[in-house]
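Here the sequence shown is numbered in UniProt numbering, starting from 1 and rising by one per residue.
Beta carbons are placed, not taken as given, at the ideal position from N, Cα and C, and that holds for glycine.
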Amino acid sequence: NGKDYLEQCLDSIKKLDYPEDKLETIVIDNASSDDSVNFIKSNYPLVKLISNDKNMGFAFANNQAAKAANGDYIAFLNNDTRVDKNWLIELLRPIYKNKEVVASGSKVLSIDGKNIDFVGGMINFEGKGFQIDYGIPVEKGNYSQYRYIKVILSERNLGLGEALNQAIKHTDCEYVLISNFDITYNHDTIEMLLSIINFVFSRLVR
């Protein structure tokens, strides 16, 4: 149920500085009751829409989208987001420049652009996740450099593992690291939003 956010999200994707013929937008609807499906059908006919009869959960929906995608790279995005026009180009830049990099994530700001929402997450000793520097004011220089990620992300943060109620197991990011690939954080790919999913993954397999 995110109809109120869909317009700003999908419009920002349409404005991306990226070749339209190389971009595919997929929306998974988990049995929304707020007319989201009809809104998309009426206003965004080029969007590939997959509508579930019941709420299959966040991770399941991500996996659905990944299976339906045709491209070499997959970017995950929540509906309560709006992206900068250079978001996708900057996310892909480190992957294009370094063949060892196959996953990239961006800096996420609050909806008004004044505070940090997400620049990474960690898990404490109780097994609870938290967002690094959540809520601190955005200042020039804050998280303004590329950095390589050498930690393991939780399945809940990444959203790709379906057994979210089980103990943390191997995740996609962990498999990337085990395979000797790198993950990067890209400081230039700013999103202004309410939530956290902004990873792009390569389908490359070694």
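Considering only residues of the same chain and omitting the five flanking positions on each side of residue 138, which have a CB-CB separation below 8 Å? 109, 113, 114, 115, 116
Report the partner residues of residue 131 according to the DSSP bridge assignment. 121
What residue range does the beta strand (DSSP E) around residue 103 cover? 101-109
With burial defined as no fewer than 16 other Cβ atoms inside 10 Å of the residue's Cβ, what is the status of residue 91: buried or exposed? By the neighbour-count definition (other C-beta atoms within 10 Å, threshold 16), residue 91 is a buried residue.
Going by DSSP, what residue range makes up the alpha helix (DSSP H) through residue 4? 3-14
What three-state label does DSSP hand residue 96 in the structure shown? helix
Pair within 8 Å by beta-carbon distance, residue 121 and residue 111: no
Cα-Cα separation, residue 30 to residue 46: Each residue's Cα considered, the two are about 19 Å apart.
Cα-Cα separation between residue 8 and residue 36, rounded to whole angstroms: Distance between the alpha carbons of residue 8 and residue 36 is about 13 Å.
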